[in-house]
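Okay, so here's the structure we're looking at.
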Amino acid sequence: MYKAFLIKYGEIGIKGKNRHLFEDALVHQIKYALKPVEGEFLITKEQGRIYIEALGEYDYDEAMERLQCVFGIVGICPVVLKEEQGLEQLAEDVIEYLKQRYPQPNMTFKVDTRRAKKSYPMTSMEVSAALGGRILEAFPEMKVDVHHPELMIHVEIRKKINIYSEIIPGPGGMPVGTNGKGMLLLSGGIDSPVAGYMIAKRGVKIDAVYFHAPPYTSERARQKVVDLARIVAKYSGPIYLKVVNFTDIQMYIYEKCPHEELTIIMRRYMMRIAEHFAVETNSLGLITGESIGQVASQTMQSLAATNEVCELPVYRPLIGFDKQEIIAVSEKIGTYETSILPYEDCCTIFVAKHPVTKPNLKVIRRSETHLEEKIGELVKTAIETAETIIVDALS
Amino acid sequence: MEAYFDNAATTRCSNGAKEVMMQVLSVDYGNPSSLHRKGMEGENYIREARKNICKTLKAGENELIFTSGGTEANNLAIIGAAMANRRQGMHLITTKIEHPAVAAPMRYLEEQGFSVTWLDVDSDGLISLEQLRDAVKEETILASVMYVNNEIGAVEPVAEAAKIIKEKNPLALFHVDAIQAYGKYVIHPGKLGIDLMSVSGHKIHGPKGSGFLYAKEKTRLKPVIYGGGQQRGIRSGTENVPGIAGMGQAAKEAYEEFGKKQEHLFQLKDAFLSGIADVEWAKINGRTGRDSAPHIISLSVEGVRSEVLLHALEDKQIYVSAGSACASNKPAKSSTLQAIGVKKDLLESTVRISFSPENTLEEVNYCLDILKELTPRLRKFTRH
């Protein structure tokens, strides 16, 4: 029934001179999102909105699902297209549309008409009034309310007649690619994919780095991280995922440093390596899924200890979230089921029984001096042997 | 070198089985229930498989029910027998070390109002015949005891158990889960006093998705799957002809030169056990002599978590199984290992090594070398 979509966007509409950049990015993202959907689409920008017309048969549900993943979209209006054949036919078309869309039309309504085609013989007001009258005749239970209608029936007269009344919410945010790039530290857990999603939502392109520790972590754990990245990529677009073999570094720290400091020191090296890749690939910051106090390595003292090794800003979008709130987002975006699969990640494998919760920076720095002999070489090897996987939701 | 030592999980499909399956899949693909010649051809494969399997069991040809595998055979035996005989009594007996494919149907029946006696085992994983004798009552309708335990290779005294059960209650049925035993032992259920016996095809170099239940003539079973009435209504559904044909071929092959194969398995096991004695921190669970299964070894390495050892071995192309599936957020400890009293810290440090006649002594020696090299290194990084 629907042959087109009107895309509404909020925030990017007010961006002044940069507006066209944001609109172009949004069009680009929509094209990308619709690429795997069967059917062909014509996407055009016009007057503060984007218009998608289906050229022939297509899968409506799939198209809608994909559009709901495009950041920057505030609302999606499925549109019915009709030939322009005079007011009489137009009224019948609108009534037909209402019948199909609303099985029991009994709400208050208002007709809002716009004429892009100024050659049309009636003004917009006249058309609205005429259609309103016809609707009241056809559906005696409906009432007009021009101030707070339950149903706003939009009629736009263009080359074809556009009829729509429904706005399906999009994810909001800003189109990916309008705000630079960030490097996400992705583990197999619940938090980091959500963190990546939230930063991508602000228009940031995402790359990711994953640390694995074979044989302490399995191939399946690695696959799980790739799967999580693929779900995030549904929203963020393709993700370049670096897979770093962390085993030797981890074992070396284990050998040389006090075990209760293991996690902190390990995370400091993860940050250093992540920052290296971030700089190398022009990312402007690191992204983590940390939230204050969630575990020993996420107390404010611990965060300060891991933070100090980086020069790039570290973005922690979940910092004030409770676990339940994080889980709610992960369920919404579809990463939760994958995140809870039971494979070890390298953070849990060597955990001490009583890790430090208030690490003293001086102590940590001193412990790290025990690593001086070999750590540089090990980090270099880890960086050189890292594998890059291009994770694309479409593949 | 590659060493696949996870044959109790599954085996490579034999070439003979593969060949016959290819033929069924692409040439003789008829539905055995069809009346035309193509259907007849399909039926012939089933007949052939039935003949081959029955020969290995010394069973009558009407005593086999083909299933989708071992799990279905166990379900059909236990639920089917319990439901068909519930008027006679509501009491069942089984052991604490059964595979979930037996234990879970038993628990389901408990929910349905049956009562179940769960027999203890000793530190070798063996049931006590005395306890069994005490457990059998007038209202007992079914006892189920596994032949070979899948985790530690314990061989239960099924012949003696059968005698005791029948002595105390001739009407009680005796089911044996022989999924890890068939192909490793010569088993004639009729002679042993077994009424029902489950077998899986893919443990004996047949295809996955194949299995059968031996059901002694006139054993009353209620179906668990209903439909078109195939296999005398006990197991509806178009027969999995390629699977059955492949399994029939694999069964035939398993018992060709049987003595030689069994001896080969014992030699592999003996070589492994004598080699592992040199590895400090290694401990074998269950019995080690010829009174335990020829192909299963349960190995605990103190201070090395099973998953870690498994992945370290995997890195050297050695494939074993984690004795108990455990992960940080899903600690599922093995009930067998718990039942035989394995210490808590070893529960998470146990792997299973399981052989097939295809394995070689070189592979065993290679694995031993690797274990000797890895163990001290892995032990350094234990969780504190």
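So the protein sequences, as listed, match chains A and B. Numbering of the first sequence is given in our numbering, commencing with residue 5 and proceeding in unit increments. Numbering of the second sequence is given in our numbering, commencing with residue 1428 and proceeding in unit increments. The beta-carbon is built from N, C-alpha and C at its ideal position, and this holds for glycine as well. As the structure is a computational prediction, the values presented were derived from the model and not from experiment.
Give the range of the alpha helix (DSSP H) segment to which residue 102 of chain A is assigned. What you label residue 102 of chain A is simply residue 98 of the first sequence in a count that begins at 1. In the DSSP annotation of this structure, the continuous segment of the alpha helix (DSSP H) that includes residue 102 of chain A starts and ends at 90 to 105.
Measuring alpha carbon to alpha carbon, tell me which of A:280, A:35 and A:95 ends up nearest residue 44 of chain A. Residue mapping note: residue 44 of chain A aligns to position 40 of the first sequence, counting from 1. Residue nearest to residue 44 of chain A within the set A:280, A:35 and A:95 is A:35 (criterion: CA-CA distance).
Given residue 302 of chain A as reference, the closest of A:281, A:267, A:283 and A:133 once Cα atoms are compared: Here residue 302 of chain A is taken as the residue at index 298 of the first sequence, counted from 1. When only C-alpha atoms are compared, the closest one is A:267.
Could you pull the start and end residues of the beta strand (DSSP E) that residue 267 of chain A belongs to? Your numbering for residue 267 of chain A matches position 263 in the first sequence. For residue 267 of chain A, there is no enclosing beta strand (DSSP E); the residue is found in the alpha helix (DSSP H) stretching over 266 to 284.
Can we say the segment 116 to 124 of chain A touches the segment 158 to 168 of chain A, given the rule of at least three CB pairs closer than 8 Å? Enough Cβ pairs lie closer than 8 Å, so yes.
Relative to the C-alpha of residue 1727 of chain B, which candidate in B:1776, B:1606, B:1458 and B:1531 has its C-alpha closest? To locate residue 1727 of chain B, count along the second sequence from 1; it is residue 300. Out of B:1776, B:1606, B:1458 and B:1531, B:1776 has the C-alpha closest to the C-alpha of residue 1727 of chain B.
Which runs of the beta strand (DSSP E) at least 3 residues long sit entirely within the segment 13 to 74 of chain A? Give them in chain order. The segment 13 to 74 of chain A contains these whole beta strand (DSSP E) runs: 45 to 50 and 53 to 58.
Mapping DSSP to helix, strand and coil, what is residue 1686 of chain B? As a first step, residue 1686 of chain B is located in the second sequence; it is residue number 259 there, counting from the start. Helix.
Whole-Å CB distance - residue 395 of chain A paired with residue 243 of chain A, under 8 Å assumed: As a first step, residue 395 of chain A is located in the first sequence; it is residue number 391 there, counting from the start. As a first step, residue 243 of chain A is located in the first sequence; it is residue number 239 there, counting from the start. About 5 Å separates the CB atoms of residue 395 of chain A and residue 243 of chain A; that is less than 8 Å, so the two are in contact.
Using the rule of at least 16 other Cβ atoms within 10 Å of the residue's Cβ for burial, across every protein chain shown, is residue 182 of chain A buried or exposed? Working through the first sequence from its first residue, we reach residue 182 of chain A at position 178. The residue is buried, with at least 16 neighbouring Cβ atoms inside 10 Å.
Go ahead and label residue 83 of chain A buried or exposed: buried means 16 or more other beta carbons lie within 10 angstroms of its beta carbon, across all protein chains shown. Your numbering for residue 83 of chain A matches position 79 in the first sequence. Buried, by the Cβ-count rule.
Listed from N- to C-terminal order along the chain, which residues in the segment 1595 to 1610 of chain B have their beta-carbon within a distance smaller than 7 Å of any beta-carbon of chain A? Of all residues in the segment 1595 to 1610 of chain B, none has a Cβ within less than 7 Å of some Cβ in chain A.
Using a Cβ cut-off of 9 Å (strictly closer), state whether residue 255 of chain A contacts chain B. Reading the first sequence from its first residue, position 251 is the one you call residue 255 of chain A. Taking 9 Å as the CB threshold, residue 255 of chain A lines the interface with chain B.
Residues near residue 338 of chain A in its chain [Cβ-Cβ closer than 7 Å; skip 5 each side]: Taking the first residue of the first sequence as position 1, residue 338 of chain A is located at position 334. Once the five neighbours on either side are set aside, the close Cβ partners of residue 338 of chain A are 235.
Pull up the distance between the alpha-carbon of residue 1767 of chain B and that of residue 378 of chain A, whole angstroms please. Position 340 of the second sequence, counted from the first residue, corresponds to residue 1767 of chain B. Position 374 of the first sequence, counted from the first residue, corresponds to residue 378 of chain A. Residue 1767 of chain B and residue 378 of chain A have their C-alpha atoms some 46 Å from each other.
Which residues, in order along the segment 219 to 248 of chain A, keep a beta-carbon less than 9 Å from a beta-carbon of chain B? Identification of residues in the segment 219 to 248 of chain A having a C-beta nearer than 9 Å to some C-beta of chain B yields 219, 220, 221, 222 and 223, given in sequence order.
Please classify residue 1441 of chain B as buried or exposed, where buried requires at least 16 other C-beta atoms within 10 Å of its C-beta. For the purposes of this step, residue 1441 of chain B is identified with residue 14 of the second sequence, where counting begins at 1. By the 10 Å Cβ count, residue 1441 of chain B comes out buried.
With DSSP as the reference, label residue 236 of chain A as helix, strand or coil. The sequence position of residue 236 of chain A within the first sequence is 232, counting from 1. If DSSP states are grouped into helix, strand and coil, residue 236 of chain A belongs with the helices.
Determine whether the beta carbon atoms of residue 1544 of chain B and residue 1562 of chain B lie at a separation below 9 Å. As a position in the second sequence, residue 1544 of chain B is number 117, starting the count at 1. As a position in the second sequence, residue 1562 of chain B is number 135, starting the count at 1. A distance below 9 Å separates the beta carbons of residue 1544 of chain B and residue 1562 of chain B.
Taking the alpha carbon of residue 54 of chain A as the point to measure from, which residue in A:205, A:28, A:220 and A:318 has its own alpha carbon closest? By 1-based counting over the first sequence, the position of residue 54 of chain A is 50. The closest CA to that of residue 54 of chain A, considering only A:205, A:28, A:220 and A:318, is found on A:28.
Taking buried to mean at least 16 other C-beta atoms within 10 Å of its own C-beta, is residue 103 of chain A buried or exposed? Counting from one through the first sequence, the residue named residue 103 of chain A turns up at place 99. So residue 103 of chain A ends up on the exposed side.
Report the residue from A:132, A:105 and A:73 whose alpha carbon sits nearest the alpha carbon of residue 6 of chain A. As a working note, residue 6 of chain A is residue 2 in the first sequence. Answer by Cα proximity: A:105.
So what's residue 1453 of chain B in DSSP terms, helix, strand or just coil? The residue you call residue 1453 of chain B lines up with position 26 of the second sequence. Helix.
Look at the alpha carbon of residue 355 of chain A and the alpha carbon of residue 278 of chain A, and state the distance between them as a whole number of angstroms. Taking the first sequence and counting its residues from 1, the one referred to as residue 355 of chain A is at position 351. Taking the first sequence and counting its residues from 1, the one referred to as residue 278 of chain A is at position 274. Just so you know, the alpha carbons of residue 355 of chain A and residue 278 of chain A end up roughly 21 Å apart.
Who pairs with residue 249 of chain A in a beta bridge, going by DSSP? Along the first sequence, read from residue 1 onward, the residue named residue 249 of chain A stands at position 245. Secondary-structure assignment with DSSP links residue 249 of chain A through a beta bridge to A:216.
In chain A, which residues lie with their C-beta within 7 Å of the C-beta of residue 1735 of chain B? Translated into the one-based positions of the second sequence, residue 1735 of chain B becomes position 308. Within 7 Å of the CB of residue 1735 of chain B, the CB atoms of chain A belong to 219 and 220, in sequence order along the chain.
Where does residue 1639 of chain B fall in DSSP's three states? Here residue 1639 of chain B is taken as the residue at index 212 of the second sequence, counted from 1. Residue 1639 of chain B: strand per DSSP, three-state reduction.
Coarse secondary structure for residue 166 of chain A, derived from DSSP in three states: For the purposes of this step, residue 166 of chain A is taken as the residue at position 162 of the first sequence. Note: residue 166 of chain A maps to strand in three-state DSSP.
In chain order, what residues of the same chain lie with their CB nearer than 7 Å to the CB of residue 391 of chain A, ignoring the 5 residues before and after it? Here residue 391 of chain A refers to the residue found at position 387 of the first sequence. Excluding residues within five positions, the ones whose Cβ falls inside 7 Å are 247.
State yes or no: is the C-beta of residue 1607 of chain B within less than 9 Å of the C-beta of residue 1435 of chain B? In the second sequence, counting from the first residue as 1, residue 1607 of chain B sits at position 180. In the second sequence, counting from the first residue as 1, residue 1435 of chain B sits at position 8. Taking 9 Å as the Cβ cut-off, residue 1607 of chain B and residue 1435 of chain B qualify as a contacting pair.
I'd like to know if the segment 1565 to 1579 of chain B and the segment 1519 to 1539 of chain B are in contact, where contact means that at least 3 CB-CB pairs between them fall below 8 Å. Touching, per the Cβ criterion.
Suppose only complete runs of 4+ residues qualify. What are the alpha helix (DSSP H) ranges in the segment 1460 to 1536 of chain B, listed by chain order? Scanning the segment 1460 to 1536 of chain B from its first residue to its last, the whole alpha helix (DSSP H) runs of 4-plus residues come out as 1464 to 1484 and 1497 to 1511.
Check whether the segment 314 to 322 of chain A and the segment 220 to 227 of chain A are in contact - that is, three or more C-beta pairs closer than 8 Å. They do not touch, by the three-pair rule.
With a 10 Å radius around its C-beta and 16 neighbouring C-beta atoms as the bar for buried, classify residue 1751 of chain B as buried or exposed. Taking the second sequence and counting its residues from 1, one reaches residue 1751 of chain B at position 324. No answer about residue 1751 of chain B holds up, because its pLDDT of 48 lies below 50 and its placement is not dependable.
Identify the continuous alpha helix (DSSP H) that holds residue 1791 of chain B and give its terminal residues. Within the second sequence, the letter at position 364 stands for residue 1791 of chain B. Segment 1788 to 1806, the alpha helix (DSSP H) holding residue 1791 of chain B.
Compare the C-beta of residue 1807 of chain B with all C-beta atoms of chain A and state if any pair is closer than 9 Å. Position 380 of the second sequence holds residue 1807 of chain B. Against chain A, the CB of residue 1807 of chain B has a partner CB under 9 Å away; the residue lies at that interface.
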